[in-house]
Each structure stands twice: as structure tokens, then as C-alpha cells.
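For the sequence shown, my numbering begins at 92 and goes up steadily by one.
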Amino acid sequence: MQKRNQSIFRLLLIGLVFHLVYIGTVFDCYFTSPVVHGMQPHKLEVAEAKRLVLIVADGLRADLLLELNAFASIPDAPEVIAPYLRSIIETRGAFGLSHTHVPTESRPGHVALIGGMYEDVSAVTRGWKTNPVDFDSVFNQSAHTFSFGSPDILPMFARGATPGKVDMWCYHEDEEDFTKDATALDVWVLAHLRALFHNATTDSRLDGTLRENQTIFFLHLLGLDTTGHSYRPHSREYMANIQVVDEIVRQTEQLFTEFYKDQETAFIFTADHGMSKIGNHGDGDPDNTRTPLVAWGKGIRGPLPDSTPPSHDAYSAPWKLTHLLRHDVEQADIAALMSALLGVNWPVNSVGVLPDVDSSRPGYLLSFDGEKTQAQASLVNAKVILEHYRMKHEIKKTHTLFYKPFPYFATTNGHNPGSEFVTEVQRKINMGAYTEARALSAQLIRSTLDGLRYLETYDRTLIRAIVTVAYLGWIAFGAVSIYLPQNNPESGHAEDQSSALDVIAAVVLAGFWSLFTLQRSPWTFYLYICFPTYFWHQTISRAWTPLLEYIKGGSMHISTARNILAQVCLIVGALESMVIGYTHRQIWSAGFVVIGIIWPLAFWSSELRSRHAVLLLPWALTCLSTAVFPLLSVDKEENLFTIIIGGLCMLVGGIAGALLFRERNQKQRAFRAIIACLLLVVSMLVTYSSASSLRARAGLPRINQVLGWVLFLTASVLPFFIRAHNMNPKNKILIFFMAFSVCFVLLSISVEGLFYCAFSATLLLWIEIEAAVRQVEHESSSKDLQAYKPRPDDLRIAVFFLFFVQVAFFGTGKSFYLEPVYRLVPVFNPFLMAVLLMFKVVSPYIILATCLHLLNVRLHLPPFSLFLVALTLTDVMTMTFFFNVTDTGSWLEIGQSISFFCISSLLLVWAAGTCAVGEILMTDTDSTTEQSRNKTD
């Protein structure tokens, strides 16, 4: 038994390490770092403006800024929300949309705006306040930058910049309070800008610095992001904050006019990301990626009539600006525009394209010497991106055997690809053929960007092949480890076979490692190849002899083969259905209908149905009840009625469980039930009071916050310390159910508590259903893994287990609403807020873990047995998600494809943790209580 236990533990450990490591393959395959060091900077030799003001309204949606009657649902809302910005668009500025990229978060958005590059998507996981990679920025290339705003954004542009070049004024983190009027944050920025100019009247050194050419002023206005999270974008508060921002823009321009008394300032107004209608961003919603861009002042053209074909679409039609040209840009293009306006070096890693490169339509620049400057700026833009390509080309050429350069540059100078094209553009400029020069620059930029993509995806085929072989190898390795015993070869033939396999594996590994060494591949490649080599070596060595014996024996009949094939098809179909469920939540509802109604009616014998007719009705009802929740909209608003109803349902469930589940010590059971019910009732009262106060804009009362935390900590910690010798397992499950009910009430926004009740009831009935189907006879309760022999029915139970694991997460849709968190944490604290949100996600898994332990007891299965069977199933989903990952298309598709692969990869880790938690939490329960029940079944 001990040897078998060690073998199973080793299998689990290998599986966990493998899946954690192979998450990195998607980033090695689809994303590479945009930063390359040692590149030569380029700049436009002329400057259009002496200084530039960049105003970023964090979290501002383009439609709510520009649309007429955007807040029609609010009584007395004005037709035009931002009259000053609209007047700029109509009389003296250029405008359009700035399309952001995934991930639509503040840091990556600002890096794109100011650094001109799109961060590696994985960078969003590497911290809030530190740079995942060092990058150049327009701020670093300026003569001096004065920045005002959030402590979460400003410091990352000061880090790595030339000392003393970037000054910043930040308010304290505690000022980011979601229960307060967030417009105060934006007013704070304006006040400190005004103070800076006032101080310059008495400080000659400051005055001289402010008057230097190529100076940048950065105003980060966080109010809209905070307001949107707190009250959602279509609220009166968000509307009022837009009006405040519009007034700040007006006063800012007035301050510059009064201080400098000239017209040499360029202004750019935009946003780092938008916001979905539920007040979130980063979740792939299209409204996250559409932000406004308004530019005016020195060096920027005024409004122009719309072009043919028209630049507007159905999205901008409600703005009533269709008579004016709308010129959209990608977010990184703004860094190129700022660099051209100031005549500073482009950030060296910039991949932005100046809007004026396109000669077929007007851009944003109004150059003093006309199209000549636009042509020169286009050439500079091409040189910047071409330098990026050259560096990556040299790196790939040095590190790759049999390297094939990008076809567009294959016939050009091998040491300086693209130089012929640069020379031709310069010749056109010297000839005065500026339109042709811009067209050639545009073609060179497009081709160079295609070349960068070619280099970034150069190793994709190799990585995909390794991943495919590895996952297939893991499935095969897991299957033979579970269903076939470890070979103990006694014959010389078996030993020769094992030796031959060892040699082949060593040769394969050495060959790939040599190739990676010659190519100077990343260290991760060496690790990736180890897994498929080991998996297939172990699979063949274990399965070869039994397979030959099975074939020679001829014991498989055609009917048996058909049954196996049919079962495999059903299982694969179920798993692929779960894949579809990640994007079409109705699949989870259909799944409950299948397991709750179709499965008993179609696959149970008539005798089994008649024996357990009383059990089938509640099973069908709980499945259908749980099936309702995936059909509900994922966009929820705070609903105190459903929160309280959910709390009452949990209260009734707890009382019913206390009455039904027997316990040796009745007094202890009664005492625990009374305490749990009291905590739940108090949590409902506190939640109602806190939510009502926040709705009334009265803030969060201190007593409510203290009581909320006391209830939350007590309910979430106390159950883990309750120990009672030989406790009834169902009473232990009831303890966790009631405790986390308190937390669910505190953190619910709508129907989550009702889902929690229905899901928990379904899990408890699942135990009874499986016991009835298995028709367990009273056998030894030994958990000797040596005695465990997997049955075909275990595959179905494992599929059900995987289904419940995923429904626990997707059952109520998006669970990451911030409104409930404000009842405990009103001040911006990303770590603590994330912990609270994750706790609500984890809570159903505690119930699933404890129920899984009880299921093992009822079916006389050893610990981790169902999980071990699931080992051979999960990667059918993982492989599907891997090949669905994309880095092109809509940002919704990109973000979802990455997150789905990561979720599926971590599913094995999560499921293993669920099993382990269940075994740990139920160690003090009395298994004989449930085993004795099997006698009467």
C-alpha cells in the first residue's frame, strides 16, 4: 500500500508541476516582450509646439463624453455633457477614437499612451505599482515633465527616467475612497497645477524650467474611474464627474494662456481605458477599448468636413458630429503624435504609427511648412519601427539555425534590412514628392510591423508541436499510471526493451537540448521538452507488454470495442461541451438538465428508478433550480431584496440541516446552530444598513465596517477550528455552509446567495444519487489503494466532478463586482479587494470539497480516486483552449482566449486542491455514520 501511495503522490506532483509550467507556453508561443535594449533613437528635427499638455481621464467612455442625451434616463440631464470639449471639436480641434489593447487596465493603457508600446499581456499579473519591464517613454525624452495625479500611475514613469527629469505630485492612497465624491481627486490635480504656476512667480529657477521648450505636463484624472466603479457609468455621479473634467480642461487651458501668454501649447485629451456598463474594465467588454481622443492647440489642425467614404459609423452617429472628420487611432499612436509635436526622440520601443503617415486622409498635424514636415515625420516613424525590427532580426538570426528572414526584407541588405527603402523615401522628400514619400513610409511601416509579427511568432510551430505531444503524453501517462500496474520486468526481453527506451529518450532529449543551445533559446524550452519525453517513455515502457498480450489473447470483441468507443465519444463530447460553456453559459444549464432528468430517465434501469423514486424528484428539482442561474444576465445591479431572500433561504437550509442531520452530542449541535443563525441574521441586518447608507451617498458608517469585518472574519475562520470527535460528516458540511452563508450575504450583489443554496443542495443530493446508482454493498471500509480497481462508471462520476468544479465558478456569471466590497473596504486597496472577491469565488469549492470526501466514503472509494480518473480527462479541454488562443482579432477574443486557457490549465491544480481540502477538513468526522447508512440503502 505504501508503495502505491507513493506512486499516486508522485503522479499528482508531476501533474501539478507540468500544468503550472505549461501555462508559460501560451506566452512563449503568442506573446514576446516588446522591449529590446540598445536601439538607436530617432526624432523629427523640427518642433511644432514648445510644450504639451496630456490630460488622461481615467476610465472615460467615448460615447458618454460625446453623445447627445447620453444620460437621458437621468431627469434634468443636459443634452451636452461636456460643452467645452465639444466646442473644441467643432471649432478648433481634431478628434476620433483611441482604441486600447488588452489588457484594458490603467497601467498597460498608460504605457501604450506614453511609451508607445503594448505590454506583454502577462504583465498585468506582475504587480500594480512596479514596472514589469523597463521602458522608454515620451516623458523621459522631454526636457522636463511635470505630472499630477494618482500614486498608482505616476511613479512608473519616473522610474528609469533620467534623474530629475520627471517631477510628480501624488495624493495619498487613502484619498481613493469609493464612498466619497471622487471628483475631489480631479480637483486636487487642478489645484496643484495652479499652485505650481503660482510658485513660479516667486521662484525664478522654477519659472525657467517651466519655460523650457519640449516640456510636458501630465494631468492624470482618476475621478471617473473611481466613480464608475462605485456608481457605474450611466449614473448621475459619473455624469457629474464628466462635467467636472470638462471644466478642469477649460480652466487648465486658461491657466496656460495666462501664464505663458502665447499660443505655443499643444493639448491632448484622452483616456487609458473605457468601462463596461456594470462599472468594470479589463473584462473584454468593447466599451473598455473605445476611448476619446481630442487634440487642439499649437501644431494641430482644426476641424475638417467628413471624408468619402464617411469616417463615422453607427457607434458615433448619436454624437451628431457626422459632419466632421473622425480620425481613429490605436492607443500607442498617441506617443508618436506627442513626439512629433515636441520634436523629441520617439520612445525607442514605440510601435505607434503617426496618424499623418496615411496620405489618403488628413491626420492631426498642422505643420508650419505643410506636407514636408508630415513626410519627414513619416520617415522618422518608419525608422523607429524599422530599428525595432532590425534588432529583433539580428537576435533571431544569431539564435536560430537555418534562419529565414521576413520575405519583404529577404532581398535587401542583410546587415541593414530596409535601408534601401529608407533611402528611397528620403529621395522622394528631397524631390518634393511628399505625398509619395508618405505613401512609401506607410508601406514600409506596415511591412515592418508585419516583419515584427513574423519574428515574434517564429517559434510558434515548434512550441505548438511540443505542447501537443506533451498533453497527449500526459493523458496517456495518466491513463497507464491509473489503470496499469508498474511493470516489474523479470525477463531479459523486458529489460532490453526498457534499456532501448532509455537510450531513445536520452537521444531525443540530448538532440533537442543541443538544438536549443545552438539557437540560444529561452531556458523554458529546455524545460518544456522534458515533459513529453518523460511521459511517452513511461507510457510505452508500462503499456507495451500488456498491450501485446491483450492483442495476442484476442479477448476484445467487436461489441466491447464499440462500447468503449461510444463511451469515449460521450466523454469527449461532454468535455467539449464544457469548453463551449466558457463562452455560452447556457451550456451549464443544459448540463443540469442532462444530469438531473435525461440521465436518470434514459440510463437508469426501471428497477433502479422505482426503488429510488422518492430521491429522483428532489434531485431533478435542485438540478433545475441550479440550472436557472447560468441563464440569468451576467450584468447585475445591487438588489437588496434578492440578497435578503438568499440569506433567508440559507437560514432555512441551515435550520433544516440541523434538524435532519443526527449528531451524538445534541447540545453541541443545537448551540452551533443557534450561533450560526444569529451570525447570519446579523450579517443581513448589517448588509442592509451598509448598502442603504452607500446608496444614500452617506458613506460607510464606521460601526458597520467594524461589524462587517468582525462577522466576516469570525464566519470565515471559526469553522476551521471546530473539532468534534466522530462528528457526523453532514453536520461538518453544514457548519461550513452556514459560516460561508454569512460571508455570501456580506459580499453578494444579487442572487449569489440563492445560487449558493441551490448548488449546495445539489451536491448533497449528488452523494445520495451516486450511492443509489452504485448500489454499494457493505464491504470493508479499507482505504487501501491497492484494493481499488477503477470501474467504467468512475469516468462518468469524474466528468460530473469536473462539471461541478466549473459550475461553482461560472454558475452566477461575473462575480467580480466591486459594490459589495465597498461595504468592507471603502478605500482603494487592490490586494484586499482581490482577496475578498476571491473568497466569494472559493466558498462554493469548500462545500464541493467536503461533499467529495463524503462521496468517497459512501462509494468506498479511496481519497483522490475520482480526481485521479479526472487526470486523464481535463487536458482534452486544455488542448482545445490552447489552440483557441489568439493574439489577433477583437480584444474580447484575445483576452478571453488567454484567460480560458489559464483557467483550464489550473483546473487540475484547483481540482487537486479541492480534493486535498476536503480530506483535511473532514478528518474528524465519523465515516461509519455514512457507511452504516449504506446497509439500509
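Using N, Cα and C, we set each Cβ at its ideal position, and we do this for glycine too.
*Would you call the CB atoms of Ala528 and Leu470 closer than 8 Å?*
Contact annotation: Ala528 and Leu470 have beta-carbon atoms nearer than 8 Å.
*Quick one: what's got a C-beta closer than 8 Å to Phe109's C-beta in the same chain, skipping five residues either side?*
Ala561, Trp565 and Phe622
*Ile307 bridges to which residues according to DSSP?*
Leu143 and Thr236
_Per-residue burial, Met968 [other beta carbons within 10 Å of its own, 16 or more giving buried]_ = buried
*Residues that Asn436 bridges to, as DSSP identifies them*: Lys134
*Contact check, Ala286 vs Gly150 under 8 Å by CB: the rounded distance?*
At roughly 25 Å, the Cβ-Cβ gap does not stay under 8 Å, so Ala286 and Gly150 are not in contact.
*Kindly indicate which three-state DSSP category Arg788 falls into: helix, strand or coil?*
If DSSP states are grouped into helix, strand and coil, Arg788 belongs with coil.
*Give me the Cα-Cα distance between Tyr673 and Ser532, rounded to the nearest whole angstrom.*
Pairing Tyr673 with Ser532, the inter-Cα distance amounts to about 43 Å.
*Just checking my contact of Ala357 with Gln305 at CB under 8 Å: how many whole Å lie between their CB atoms?*
With a Cβ gap of about 11 Å, Ala357 and Gln305 do not count as contacting.
*Give the single residue among Val926, Pro921 and Ala426 whose Cα lies nearest to the Cα of Val435.*
Ala426
*Can you list, in chain order, the residues of its chain whose CB lies under 6 Å from that of Lys70, leaving out five sequence neighbours each side?*
With the chain running from 92 to 1028 in the structure shown, residue 70 is simply not present.
*Among Thr253, Phe118 and Ala961, which one has its Cα closest to the Cα of Asp884?*
Ala961
*Report the option in Ile686, Leu143 and Leu845 whose CA atom is closest to the CA atom of Tyr351.*
Leu143
_Quick check on the DSSP output: the beta strand (DSSP E) that includes Asp258 runs from which residue to which?_
Val257 to Cys261
*What do you get for Lys141, buried or exposed, if any count of 16 or more other CB atoms within 10 angstroms of its CB means buried?*
buried
*Residue from Phe973, Ile989 and Leu999 whose Cα sits closest to the Cα of Arg555*: Phe973
*In three-state DSSP terms, what is Lys758?*
DSSP places Lys758 in helix when its eight states are reduced to three.
*Quick one: grab the DSSP three-state call for Thr318.*
helix
*Do you know how far the Cα of Leu950 is from the Cα of Ser872?*
Residue placement at Ser872 is poorly supported in this model, since its pLDDT is 39, which falls under 50; the coordinates still yield a value, given next. Rounded to the nearest whole angstrom, the CA to CA distance from Ser872 to Leu950 is 10 Å.
_Buried versus exposed, by CB contacts within 10 Å (16 or more), Pro401_ = exposed
_Let me check one thing: in DSSP terms, what residues is Trp387 bridge-paired to?_
Gly184 and Phe358
*Within 10 angstroms of the Cβ of Val659, are there 16 or more other Cβ atoms? Answer buried if so, exposed if not.*
exposed
*Under 8 Å between the Cβ atoms of Arg457 and Arg392?*
The amino acid occupying residue 457 in the given sequence is Leu; Arg does not appear at that position. Cβ distance < 8 Å, so Leu457 and Arg392 count as in contact.
*asked:* I'd like the list of long-range same chain contacts for Leu135, defined as Cβ closer than 7 Å, with 5 residues on each side in sequence excluded.
replied: Result list for Leu135: Ala431, Gly434, Gln467, Ala468 and Val471, in chain order.
_Contact set for Leu327: own chain, Cβ-Cβ below 7 Å, skip 5 residues either direction_ = The sequence as given places Arg at residue 327; Leu does not occur at that position. For Arg327, where only same-chain residues beyond five positions count, the Cβ hits under 7 Å are Ile165.
*Given a threshold of 16 other Cβ atoms within 10 Å of its Cβ, counted over all protein chains shown, does Tyr494 qualify as buried or as exposed?*
exposed
_With 16 other Cβ atoms within 10 Å as the buried cut-off, status of Asn290_ = exposed
_Alpha-carbon to alpha-carbon, Thr413 and His403_ = 6 Å
*asked:* By the DSSP assignment, the alpha helix (DSSP H) with Tyr574 in it spans what residues?
replied: Arg551 to Tyr574
*Residue span of the alpha helix (DSSP H) that contains Leu712, given as start and end*: Ala704 to Val719
*Distance between Pro691 and Ala153 (C-alpha atoms, nearest Å)*: 52 Å
*In this structure, what does DSSP give as the bridge partners for Thr382?*
Ser189
*asked:* On the criterion of 16 or more Cβ atoms from any shown chain inside 10 Å, does Gln866 qualify as buried, or is it exposed?
replied: exposed
*asked:* So, under 8 Å CB-CB, Thr382 and Leu188 are touching, yes? Tell me the CB distance rounded to an integer number of Å.
replied: With a Cβ gap of about 7 Å, Thr382 and Leu188 count as contacting.
*Presumed contact (8 Å Cβ cut-off) between Asp265 and Val918, rounded CB distance*: 5 Å
*In the structure shown, what three-state DSSP assignment does Pro396 receive?*
strand
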